[in-house]
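One structure is given here, and the rest of the page talks about it.
There are 2 protein chains.
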Amino acid sequence: MTKPTIKDIAAKSGVSIATVSRVLGNKTGSYSEKTRTKILKIAKELGYRKNSVAVDLVKKHSDVIALIINATPTNFSTQIIDGIQQRADELGQGVIILYAGNRDHALQHQAIITALERSVTGILLAAIEPDEEDLTLLKESRIPFCFVSLYFGTTAILAVSSDNRELAYQATQYLIDRGHTRISLAGIDGYHTGSQRQAGYQDAMAANRLPAATVLSGNYSYEAGKKLLQAVVDQGSTAVIAASDMVAAGLLTAAHQQGVRVPADLSIMSIDGTIICQITTPALTSMTQDFYQIGSQSVNKVLGQPAADFVSVSVTERDSVARLD
Amino acid sequence: MTKPTIKDIAAKSGVSIATVSRVLGNKTGSYSEKTRTKILKIAKELGYRKNSVAVDLVKKHSDVIALIINATPTNFSTQIIDGIQQRADELGQGVIILYAGNRDHALQHQAIITALERSVTGILLAAIEPDEEDLTLLKESRIPFCFVSLYFGTTAILAVSSDNRELAYQATQYLIDRGHTRISLAGIDGYHTGSQRQAGYQDAMAANRLPAATVLSGNYSYEAGKKLLQAVVDQGSTAVIAASDMVAAGLLTAAHQQGVRVPADLSIMSIDGTIICQITTPALTSMTQDFYQIGSQSVNKVLGQPAADFVSVSVTERDSVARLD
DNA sequence: TCACTTTAAGTAAACGTTTACAATGCCTGT
DNA sequence: ACAGGCATTGTAAACGTTTACTTAAAGTGA
Numbered sequence: 031m032t033k034p035t036i037k038d039i040a041a042k043s044g045v046s047i048a049t050v051s052r053v054l055g056n057k058t059g060s061y062s063e064k065t066r067t068k069i070l071k072i073a074k075e076l077g078y079r080k081n082s083v084a085v086d087l088v089k090k091h092s093d094v095i096a097l098i099i100n101a102t103p104t105n106f107s108t109q110i111i112d113g114i115q116q117r118a119d120e121l122g123q124g125v126i127i128l129y130a131g132n133r134d135h136a137l138q139h140q141a142i143i144t145a146l147e148r149s150v151t152g153i154l155l156a157a158i159e160p161d162e163e164d165l166t167l168l169k170e171s172r173i174p175f176c177f178v179s180l181y182f183g184t185t186a187i188l189a190v191s192s193d194n195r196e197l198a199y200q201a202t203q204y205l206i207d208r209g210h211t212r213i214s215l216a217g218i219d220g221y222h223t224g225s226q227r228q229a230g231y232q233d234a235m236a237a238n239r240l241p242a243a244t245v246l247s248g249n250y251s252y253e254a255g256k257k258l259l260q261a262v263v264d265q266g267s268t269a270v271i272a273a274s275d276m277v278a279a280g281l282l283t284a285a286h287q288q289g290v291r292v293p294a295d296l297s298i299m300s301i302d303g304t305i306i307c308q309i310t311t312p313a314l315t316s317m318t319q320d321f322y323q324i325g326s327q328s329v330n331k332v333l334g335q336p337a338a339d340f341v342s343v344s345v346t347e348r349d350s351v352a353r354l355d
Numbered sequence: 031m032t033k034p035t036i037k038d039i040a041a042k043s044g045v046s047i048a049t050v051s052r053v054l055g056n057k058t059g060s061y062s063e064k065t066r067t068k069i070l071k072i073a074k075e076l077g078y079r080k081n082s083v084a085v086d087l088v089k090k091h092s093d094v095i096a097l098i099i100n101a102t103p104t105n106f107s108t109q110i111i112d113g114i115q116q117r118a119d120e121l122g123q124g125v126i127i128l129y130a131g132n133r134d135h136a137l138q139h140q141a142i143i144t145a146l147e148r149s150v151t152g153i154l155l156a157a158i159e160p161d162e163e164d165l166t167l168l169k170e171s172r173i174p175f176c177f178v179s180l181y182f183g184t185t186a187i188l189a190v191s192s193d194n195r196e197l198a199y200q201a202t203q204y205l206i207d208r209g210h211t212r213i214s215l216a217g218i219d220g221y222h223t224g225s226q227r228q229a230g231y232q233d234a235m236a237a238n239r240l241p242a243a244t245v246l247s248g249n250y251s252y253e254a255g256k257k258l259l260q261a262v263v264d265q266g267s268t269a270v271i272a273a274s275d276m277v278a279a280g281l282l283t284a285a286h287q288q289g290v291r292v293p294a295d296l297s298i299m300s301i302d303g304t305i306i307c308q309i310t311t312p313a314l315t316s317m318t319q320d321f322y323q324i325g326s327q328s329v330n331k332v333l334g335q336p337a338a339d340f341v342s343v344s345v346t347e348r349d350s351v352a353r354l355d
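Chains as they are written, first to last, in the working numbering: chain A, 31 to 355; chain B, 31 to 355.
Here it is in structure tokens:
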């Protein structure tokens, strides 16, 4: 037995497929109660399940938004996804997630194409740094897209994120307020998010007439953090701002291994504020982002609803920052 | 301008849509090189992008496998996804991920239905415990499904996972070999995975003529771990097997807070072996699962290729287990 | 040159829905 | 009893592809 269609239901109940479609689609007021119950009964008997592919084709439209993610944001992705899923649900949209690997260009490109070919309502790109080609592809398609947790420095491209410059500025100021003057910034890359944070850090240092250290670049990973501790020590800093919780965790592991005490010898300020911060010893003080909000606002934005460009950040004090006197 | 179709290409190049379709679909040997280049050129000019929805409809088939995940496996999900994506790619299948929230029944059900309606090649359910209704739904559909990281105790239902009984047995034996006799098991639930691990633990204890402690149940989360430390202490155990890295991390945090030294006062053996184990202090000794393999094998299995039922586990020694003398 | 094969291309049906439009029958008020 | 309206249903086109079948043209060997 092959999968039943509305044609089967129509045949079995002696009505036309149009009527079946209307009943199943809940078009009000165009069929009698009697037909309705009969059709519903037969549909259930047959184990009918609608073919969304056919529906999408005729409607030229999907009621689905595609979310493209990569491996990097492991730690915070569930919060973003929760926010997206929840808000999408409220707006009657389904969500499919496309995985773009670990900053893998081919996969990333493939994911975008897949989304485009499926006539989705909108495309969300979480923590994805697109290359020119991808961006052109997106722009030329008729379908709206929005970057999540990434800001281009222009409102011409839809995006929802924390204000990375402000975030880094606050992180830096927080450390300065606690007496630190030699502060490192570690683990960021040279793309949008990274350079915005770098700017915030440098501005804050300058505003306090303090010399900014050379930024220690990395890829937001645990391994990067581990590798960068030595450089931080070499810079003679008493505090370091980590580009992510993972970087912070890596710095901390390396610190333990090399006998650098945290926070006595070195204070660590992390960026993200996920559960990772609670797991380490000492727990990591962090600039905490509201990933759930970022997710739900981005859904609003990609669907053309009013939405914030930036969502607020706050510092969560834990145990990795010392006050210097 | 609306999205171009093969009809537009056909019109512009003066051939029929059949020919266009053949060229674009790379059907060899049924068109001349000249037409081919002409069509390709025009397609590019027009910015043509195939409509997968229409293709799927006519082919009644998707070349896509659906992966349903929930929030719980945050920690290991990327490895599983990597394995799945990689293997699926090799076999010419795309992957779409459907998110089922935090063990949210409605969402989970919805995700299954979505997959069913989209005529995917196969459905993968990662760390999902289905209820009867979901299982019936899946069985009655014509499409193959495979559970990932969950074993039903029967080969009637496709599944790929670690051998949870064996895993727990080994974990227990490992601790016993190091002189522990009072061992707790914390954080598991009563479903398949949980009860298999419980059995392994109890068997190992019995085989060593040791009394098994009452199993401390939980939901594999950090919070559960935190909450359960006191119970572990109350059981007077010198060692505890944690149901997951997150549970282990929770136990450890609570231990720090309550002055219980790890591993001096209490040894912790974690299950999973993700990066979390490296982040904590002390680093967590773990039963390490090969999630990448679990992922790739499950793709094989759901596509009808030869595949393992179980993938091997191993212990990774770190610093959270003490030897008792 | 003729019958025959090969190559290149076209025609039209099919996939499973939705929906504009048409048709039917019944009811209403006069 | 009849025009008009409404409720209910049917007919058929459309969505953008793929593909079986057909046709036309060109090449082949004797």
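Heads up, the beta-carbon is just placed ideally off N, CA and C, and yes, glycines get one too.
{"Query": "Interface positions of the stretch 78-100 of chain A facing chain B (Cβ-Cβ less than 7 angstroms), listed along the chain", "Result": "Arg79, Lys80, Asn81, Ser82, Val83, Ala84, Asp86 and Leu87"}
{"Query": "Alpha-carbon to alpha-carbon, Pro34/A and Ser51/A", "Result": "13 angstroms"}
{"Query": "Identity of the residues DSSP links to Ser192/A by a beta bridge", "Result": "Val341/A"}
{"Query": "His286/A at chain B interface by Cβ criterion, 9 angstroms", "Result": "yes"}
{"Query": "Test: Gly131/A CB closer than 9 angstroms to a CB of chain B", "Result": "yes"}
{"Query": "Cβ neighbours of Phe177/A in the same chain (closer than 6 angstroms, five flanking residues each side left out)", "Result": "Leu155 and Ala189"}
{"Query": "Every unbroken beta strand (DSSP E) inside the stretch 192-268 of chain A [3 residues or more]", "Result": "213-218"}
{"Query": "Per-residue burial, Tyr181/A [other beta carbons within 10 Å of its own, 16 or more giving buried]", "Result": "buried"}
{"Query": "Per-residue contacts from Lys33/B into chain A (C-beta, under 7 angstroms)", "Result": "Arg172"}
{"Query": "Per-residue burial, Glu169/A [other beta carbons within 10 Å of its own, 16 or more giving buried]", "Result": "Note that residue 169/A is Lys in the sequence shown here, rather than Glu. The residue in question, Lys169/A, is exposed, as its Cβ has fewer than 16 Cβ neighbours within 10 Å."}
{"Query": "Closer than 9 angstroms to chain B by CB, Ile69/A", "Result": "no"}
{"Query": "Nearest residue (CA-CA) to Asp295/B, options Ile126/B, Ala130/B and Ser350/B", "Result": "Ser350/B"}
{"Query": "Outcome for Asn81/A when other beta-carbon atoms lying within 10 angstroms are tallied against a minimum of 16", "Result": "buried"}
{"Query": "Cα-Cα separation, Ala243/B to Ala136/A", "Result": "51 angstroms"}
{"Query": "Residue nearest to Gly280/B in terms of C-alpha spacing, selected from Gln265/B, Pro336/B, Gly152/B and Pro312/B", "Result": "Pro312/B"}
{"Query": "Val345/A to Ser300/A span [Cα, whole Å]", "Result": "10 angstroms"}
{"Query": "C-beta neighbour in chain B for Gly124/A, strict 9 angstroms", "Result": "yes"}
{"Query": "C-beta atoms of Ile206/B and Leu240/B nearer than 9 angstroms", "Result": "yes"}
{"Query": "Per-residue DSSP class, three states only, for Phe182/B", "Result": "coil"}
{"Query": "Nearest-angstrom Cα separation, counted from Cys307/A out to Leu314/A", "Result": "5 angstroms"}
{"Query": "Neighbour list for Arg348/B in chain A, Cβ cutoff strictly below 8 angstroms", "Result": "Those within 8 angstroms of Arg348/B in chain A number zero; the least Cβ separation is about 11 angstroms."}
{"Query": "Ser60/A (DSSP reduced to helix, strand or coil)", "Result": "coil"}
{"Query": "Start-to-end residues for the beta strand (DSSP E) that takes in Ser297/B", "Result": "Ser297 to Asp302"}
{"Query": "Candidates Lys331/A, Gln265/A, Thr304/A and Gln260/A: closest to Gly289/A by CA position", "Result": "Gln260/A"}
{"Query": "Close Cβ partners of Ile171/B (< 6 angstroms) along its chain, the five nearest in sequence each way excluded", "Result": "First, the residue type needs correcting, since residue 171/B is Ser and not Ile in the sequence shown. Only Leu146 meet the Cβ criterion."}
{"Query": "is_contact[Leu259/A, chain B] using C-beta, thresh 9 angstroms", "Result": "no"}
{"Query": "Ser43/B - DSSP class collapsed to helix/strand/coil", "Result": "helix"}
{"Query": "Residues of its chain near Lys68/A, where Cβ-Cβ distance is below 7 angstroms and the 5 sequence neighbours each way are ignored", "Result": "Ser43"}
{"Query": "DSSP three-state assignment for Ala136/B, whether helix, strand or coil", "Result": "helix"}
{"Query": "Three-state class that DSSP yields for Ile153/A in the structure shown", "Result": "strand"}
{"Query": "Contact list for Tyr252/A against chain B, beta-carbon separation under 9 angstroms", "Result": "Ile305, Gln308 and Ile309"}
{"Query": "Of the listed residues Ile99/A, Ile111/A, Val85/A and Arg66/A, nearest to Tyr322/A (C-alpha basis)", "Result": "Ile111/A"}
{"Query": "Test: Asp112/A CB closer than 9 angstroms to a CB of chain B", "Result": "yes"}
{"Query": "Buried/exposed call for Thr185/B, threshold 16 Cβ in 10 Å", "Result": "exposed"}
{"Query": "First through last residue of the alpha helix (DSSP H) which encompasses Leu97/B", "Result": "Not the alpha helix (DSSP H): Leu97/B falls in the beta strand (DSSP E), residues Val94 to Ile99."}
{"Query": "Alpha-carbon to alpha-carbon, Ile72/B and Cys191/B", "Result": "For clarity, residue 191/B is Ser in the given sequence; the question names Cys instead. C-alpha separation (whole angstroms): 49 angstroms."}
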